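Novice: Residues -19 to 111 in my numbering are what the sequence shown lists, from first letter to last.
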Amino acid sequence: MPQGYVPPPPPGYPPQPPQAYQGYPQQNYPPPPGYPPPHYPPPQPGWQPGAGTSEFAPCPACRRPDPEQLKFTWWGGVIGPKLFKHVKCRGCGTAYNGKTGQSNTTNIVIYSVVVGAIAFVVFFLVFNAMR
-19 MPQGYVPPPP
-9 PGYPPQPPQA
1 YQGYPQQNYP
11 PPPGYPPPHY
21 PPPQPGWQPG
31 AGTSEFAPCP
41 ACRRPDPEQL
51 KFTWWGGVIG
61 PKLFKHVKCR
71 GCGTAYNGKT
81 GQSNTTNIVI
91 YSVVVGAIAF
101 VVFFLVFNAM
111 R
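1. Would you call PHE103 buried or exposed, if buried means 16 or more other Cβ atoms sit within 10 Å of its Cβ?
2. I'd like to know whether the C-beta atoms of GLY81 and PRO38 end up nearer to each other than 8 Å.
3. Along the chain, where does the beta strand (DSSP E) that runs through LYS68 open and close?
4. Among ARG43, GLU48, PHE100, CYS42, which one has its Cα closest to the Cα of LYS62?
5. Under the assumption that TYR76 contacts VAL89 (Cβ atoms under 8 Å), give the Cβ distance between them as a whole number of angstroms.
6. To the nearest angstrom, report how far apart VAL101 and ARG111 are at their CA atoms.
7. Going by the beta-carbon positions, is the gap between THR85 and ALA41 smaller than 8 Å?
8. Using the Cα positions of GLY83 and SER34, report the straight-line distance between them to the nearest angstrom.
9. Compare the C-alpha of ASN87 against each of ALA109, ILE59, VAL106 and name the closest.
10. Between which residues of its own chain and ARG43 is the CB-CB distance below 6 Å, once the five residues before and five after are set aside?
11. Let me check understanding here. Comparing Cα to Cα, which of GLY56, PHE36, LEU105, LEU50 lies closest to VAL93?
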């Protein structure tokens, strides 16, 4: 039987109340790398990150401090991710603007419309030049 498993009560007995949360970290595992221990005091005002910290904002979803800069995306090719500092969290996979920590959705839409308009104009000019 797995540790912590409680078999269901036999029929006719009232159901058992759910077990209370035992606290973080479960099963006595240390926190993942990059996270402070539980109940760690916040940094003092004026504190600056050390030399080994990331140049990007922490993940807005899970607060992991070391995102991976994307080199290529379907919407921006090689240029788009560099232009918008598009990064992806190594923990939860959230992609966001590494400079602001906000979503890049608006930037992606504007970039796609502008690139699409430029492609349309180039196609139109080439098509008319061939007639």
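Built from N, CA and C at the ideal position, the CB exists for glycine as well. Given the structure is predicted, the values throughout are model-derived calculations rather than measurements.
Specialist: In short:
1. Of the residues assessed, PHE103 falls on the exposed side of the cut-off, its CB having fewer than 16 other CB atoms within 10 angstroms.
2. For the pair GLY81 and PRO38, the CB atoms are nearer than the 8 Å cut-off.
3. Run containing LYS68: 66 to 68, per the beta strand (DSSP E) assignment.
4. The candidate whose alpha carbon is nearest that of LYS62 is GLU48.
5. Contact doesn't hold; Cβ gap of about 15 Å is too wide.
6. Between VAL101 and ARG111, the C-alpha separation is close to 16 Å.
7. No, these two residues do not count as a Cβ contact at 8 Å.
8. The residue you asked about is not Gly; residue 83 is Ser in the sequence shown. Note on geometry: alpha-carbon atoms of SER83 and SER34 lie some 18 Å from one another.
9. Ranking the options by Cα distance to ASN87, first place goes to ILE59.
10. Cβ neighbours of ARG43 beyond the five flanking positions: none.
11. Residue GLY56 is the option with its Cα nearest to VAL93.
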